[in-house]
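Structure, as structure tokens:
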Amino acid sequence: TVSFAGTASGGTTPYVYSWSFGDGSTATGQNLSHAYSSAGIYTVTLTVMDASSPQQKAIASKTVTVTIPTLAASFTFTPSLPQVNSLITFTGSGAGGVAPYTYSWVFGDGQTASGATVTHAYSTAGSFNVTLTLTDAVNTQVISSQGFTIAPVPMTANFTLSTSPTEVNVPVSFSATVTGGTPPYVSFIWNFGDGSALGSGNTPMHGYTAAGTFSVTVTVTDSAGKTGISSAQSVVVKAGLGVSTTTASPNPASTAQTVNFIATTSGGIAPVTCTWNFGDSASGTGCSTSHAYNTAGNFTAIVTVKDSLGVSISESIVVKITVAPQCTVSLAFSPATPEASSPVTFTATATNCSAPVSFVWAYGDGSAGTGITSTHIYSTGGTFSITVTATDSSSLPQIATDSRSITVVAALTVPSAMASPNPNDAGVPSNFSASTNGGVGGVSCNWTFGDGASSTGCSTTHVYSNPGTFTVVVTAQDSLGVTASKTVSEAINAQPTSSFTISPTSAVNSQPVTFAATTVGGTNPFTFSWTFGDNSSGSGNVVSHTYSVQGTYTVTLSVRDANAQTAASTQTLSVAPSPLTTSFAMTPSSGLMVGQLASFTASVSGGTSPYTFNWNFGDGTTASGNPVNHSFNMPGTYTVTVTVTDANAMTATVPAGILVNPLTLAVTISGPTTGTLGSAVTFIATGSGGTTPYTFAWTATGGSPASGTGASFSTTYSTGGTFTVSVTITDANANTSIASQSVTAIALPVTASFTVSTSPTIGVQVTFVASASGGTGGYSYSWNLGDDNTATGNPASHTYTTAGSFTVALTVTDSSMTQTTSTQIITVSPSPPAPLSTSFTMSSASAQAGQSVTFIATTSGGTSPYLYSWSFGDSSVSTGNPVSHNFTAGNYTVTLTVTDSSVPSETASASETITISTGPPTLIVTGSQAVDEGSLLTFKVSATGDPSQTITIACANCLAIGANLTQNSGFGFASGNFSWTPAEGQGPGTYLVIISASDGTMVVSANVSITVNEVAEQPVLVVPGPIHARQGESVSFMVNVTDPDWQEDNVTLAVNGLPDGA
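Written as structure tokens, this is what we have:
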């Protein structure tokens, strides 16, 4: 890290300090520090801007030389006291030089690795020297070495056993495991804890002859003569499995009767299971179970008892079965002729059935029930088939059924009840009727009318004396007493009465009169009939009528309701004549000019039409009709009078004064009061009065043009000031009128702006383009470029020699020497760095599946620091440098993408191909085996591997011992069968069979330990046949004994029954 301190004097404080460190990095502030990522000579530039306006700037530069520190390497490892096959972690560190570093390791046992942190395990004990070679980015190397000792792993022995607890005479398998020490392990000595002979081999078997708990240990000796004794394990041995009693109850029994079987067990290892064969092809489980026989006879039931170790024994018992009577069922129901919606009771009777008996009913309509007695309601009438199914409680249940047909009459209903008319009026008969469906026998109807009265019969009549709403109920009943009801509501209204109102109450002829009827009682709808007393009539609740002649009239209303009941009402109406009035209006209502046509319209009310209209205009002229038009030739005030006469010769007159104005010639100007120099200003003249057509003449002092004709005139001003525009109007009679307006001409202010070519850089020409508007045109351009250089013209260009921020000022002057200035601050960047490029290396281009591969990137150019993104070709990604990744088998394209820190950022990429193999095949073989001399031993061998390679299996020493391994090979797999019958003399002994699998490139192997047990055979005794001798004669003969065993045992002879003296 390098510290920088800036100082400034003069100008106006405060100052702004800007630094360029010569490596593409910049910063601000008076005092700061900076770290260089690589060695070299750098020019550091300080630019100071003060607070004045315009700003002043000062620049200072110095050279900084950055050197590379000396490269150094070291490493640590854990654990500090490693043992054989324990994983050791080595962590390397580097300093100085030029990062990044690469790490290469040599472990002193022929193995190597790469990476800052690696792991390694030593397969043998001893002293080893580990060397780390550190290489930096410019290929400078340094070596660091350390020596340490790998200690052997202490030998420990352990074993597993196949089962505990076990039972008497059931063999237990033992399997020893050893860690540490020095393989191979030459002997295994077993103490089974029951006083029997010691065992040998890695996987012996031993059977205990008595129950108890026994402590077992194994002692292992390795090839260095070291021994290890396992911890003791207990084997619990229980008594052997037995069956003490077997019972069947009842015995004898009948068919379908349940027989209960019980087997009582003892000994063995729980859980104990019982399996029964009942002697009739049926079977069962459980030490307590039951069974029902379908046929008569004597049956032998056998129970097989089995414990968790697979030990089994069997016992039997004879069961005698006799024939059982047949179960039957019958049904009955009540009533005999049921009705829908009424309950029916069903009863079942069972005979010769084992209680309890269950009953299931099917009623024939999709419904079901249960129980010896069941009740059901049919929703519809019809014929249904009823079935009852009885199931008794025999162990083999007996099922009996009975079926009958039942006819169900449809339920009694009253689908409708009618009242007519409804509503009705009091005193008018109402008719009632009801219809019925279904039911049994004859059906009767009873009515209650809601007013205390009642009646019978399914059709009847009733008269209500009072109004109201009554609930009428009809009840139908059949011969079974089943009833059904229906309700109808009858509305009874009072007898109708009527009245009406008149509006207005003081009627006038020719004006409408409104009559509104009101009814009380009766039944809607009503009809209304009117007679107005003038030989006219009308209908409707509210009517309007106009009398044409005054007088006295009798008005009559007749009302009729829906039940033909009527009511009438009468009133007398006096109709008076209306007074006659009039008025009129003129259009236009005011400002009438000489010669202008006016319209006069009269309005009349009252009197009796038709009307006549007579007009007097006060200028000696008259007219008739309505409306009328008239114009006056002379100005003045005139009295206009209209007289209206109606059909009865009544008149009404109204006068009004009318002012008629003379015409005056006038002109007006419309247009702006201000204008812009150089832009046209337009004015519009409008004339009035006088006699058309008009002509217009314009004058515009200071304008161009200065005169013109026509209603519209435009002129342009080249100098500022206030000017007068005038127009003279002349009508057809040569009358004239003049109008004037002032207009002020002004100039727009001068404005300026400019653009700069994008991303200015040291040594690259920058172009400035100016824009100006306003003022008086004829612009000139001058530039202050912010680095003590100036320029003129538009556009302008300049090349900056240093990086930093510069204030560029543009000054624009128009032809009237009016000026304006526009400024911008631009930033000039250092020259761009070299193009970004990258590549990478990998620790192995052909690794195995699951093996970690390390990738290290090398990058140049661009702007550091860099961002590293990796795509491994197997949908996995990572970031950073370096990175490691584990692959499955296959070919992959690994892609590195590097992004630098420039703005905008730059990217570079590189790709490499890596091939990952599947690794060695997987070999599946059995564990240790044991076999007797002369007995066949077989087991299966299989292997899987790379599906593109043919897998083979082999046995290294099968031929030597007389064994055989068959083979079935294919792509990605292999299988075979090992078989061996040890010959006499090959036991006792332990044989290590080596079996291997290969894919043509890699080989994996496994050892199978086979213990051959010696089978002792009886000695062969050879004696002579019968020998006959005389008394006193000496007899001698040879006896030969041989031992057929390969390892001969000591043979002894014993003789019994020798005669005296022999």
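Residue numbers (my numbering): 923 to 1984.
Beta carbons are placed, not taken as given, at the ideal position from N, Cα and C, and that holds for glycine.
Here the structure is a predicted model, which means the values were calculated and not measured.
Please say whether residue j and residue i have beta carbons closer to each other than 8 Å?
i: threonine 1082; j: serine 1097; result: yes
i: asparagine 1485; j: proline 1343; result: yes
i: threonine 1168; j: alanine 1185; result: yes
i: glutamate 1412; j: valine 1394; result: yes
i: leucine 1858; j: threonine 1815; result: no
i: alanine 1661; j: isoleucine 1606; result: no
i: glutamine 977; j: threonine 1780; result: no
i: alanine 1569; j: asparagine 1548; result: no
i: glutamate 1936; j: glycine 1909; result: yes
i: phenylalanine 1110; j: valine 1138; result: no
i: proline 1389; j: alanine 1356; result: no
i: leucine 1334; j: glycine 1360; result: yes
i: threonine 1226; j: serine 1236; result: yes
i: threonine 1013; j: serine 1850; result: no
i: valine 1279; j: aspartate 1314; result: yes
i: alanine 881; j: valine 1006; result: An answer regarding residue 881 cannot be provided, because it is not within the stretch 923 to 1984 covered by the chain.
i: valine 1799; j: isoleucine 1836; result: no
Suppose the cutoff is 6 Å on Cβ atoms and the five residues either side in sequence are ignored; what does the same chain contact list for residue i look like?
i: aspartate 1116; result: Tyr1130, Phe1136
i: glutamine 1687; result: Ser1719, Thr1721
i: cysteine 1209; result: Ala1185, Cys1196
i: glycine 1103; result: Met1077, Asp1144, Lys1148
i: leucine 1887; result: Cys1877, Cys1880, Gly1898, Phe1900
i: alanine 927; result: Asn953
i: aspartate 1483; result: Pro1418, Gly1444, Thr1445, Phe1448
Just tell me which of the options has its CA closest to the CA of residue i.
i: valine 1052; options: Ala1725, Gln1068, Phe1268, Tyr1044; result: Gln1068
i: aspartate 1796; options: Ile1778, Ser1786, Ala1771, Ala1905; result: Ala1771
i: tyrosine 1560; options: Gly1547, Ser1512, Gly1597, Gly962; result: Ser1512
i: threonine 1478; options: Asn1538, Gly1460, Gln1472, Tyr1469; result: Gly1460
i: glycine 1700; options: Ser1737, Asn1890, Leu1009; result: Ser1737
i: valine 1140; options: Gln1155, Ala1146, Gly951; result: Gln1155
i: isoleucine 1424; options: Ser1702, Thr1468, Thr1250; result: Thr1468
i: serine 1171; options: Ser1870, Lys1242, Thr1269, Gly1134; result: Lys1242
i: phenylalanine 1522; options: Thr1534, Thr1013, Thr1509; result: Thr1509
i: serine 925; options: Val938, Thr935, Asp945, Gln952; result: Gln952
i: aspartate 1921; options: Gly1624, Asp1483, Ser1891; result: Ser1891
i: threonine 1088; options: Val1064, Ala1132, Thr1057, Phe1050; result: Ala1132
i: alanine 1017; options: Pro991, Tyr1790, Gly1291, Thr1567; result: Pro991
i: glycine 1611; options: Asn1536, Ser1316, Tyr1913, Asp1653; result: Asp1653
i: serine 1864; options: Cys1275, Thr1714, Ala1896; result: Ala1896
Should residue i be flagged as near chain B, meaning a C-beta pair shorter than 8 Å?
i: lysine 1228; result: Among the chains in the structure shown there is no chain B, since it carries only a single protein chain.
Using the Cβ count rule (16 or more neighbours within 10 Å means buried), how would you classify residue i?
i: glutamine 1773; result: exposed
i: valine 1825; result: exposed
i: alanine 901; result: Outside the displayed range of the chain (923 to 1984) lies residue 901, so it cannot be described from this structure.
i: phenylalanine 1893; result: exposed
i: proline 1257; result: exposed
i: glycine 1632; result: exposed
i: leucine 1054; result: buried
i: glutamine 1320; result: buried
i: glutamine 1518; result: exposed
i: threonine 1689; result: exposed
i: isoleucine 1328; result: buried
i: leucine 1975; result: exposed
i: glycine 1296; result: At residue 1296 the sequence reads serine, which differs from the glycine that was named. Its Cβ being crowded by 16 or more others within 10 Å, serine 1296 is buried.
Please list, in chain order, all residues of the same chain as residue i whose beta carbon is under 8 Å from its beta carbon, the five residues on each side excluded.
i: threonine 1034; result: Ser1026, Trp1027, Val1028
Since I believe residue j is in contact with residue i (beta carbons under 8 Å), could you give me their beta-carbon distance rounded to a whole number of angstroms?
i: isoleucine 1299; j: serine 1264; result: 7 Å
i: isoleucine 1010; j: alanine 1038; result: About 15 Å; that fails the 8 Å criterion.
i: valine 1589; j: serine 1675; result: That pair is no contact at about 47 Å.
i: serine 1833; j: serine 1768; result: Not confirmed; about 17 Å, so no contact.
i: cysteine 1367; j: threonine 1378; result: 7 Å
i: isoleucine 1414; j: proline 1345; result: 7 Å
For residue i, collect the residues of the same chain with a Cβ closer than 7 Å to its Cβ; drop the 5 residues on either side in sequence, then sort them by chain order.
i: glycine 933; result: Asp972, Ser974, Gln978
i: alanine 1218; result: Thr1177, Ile1243, Thr1244, Val1245
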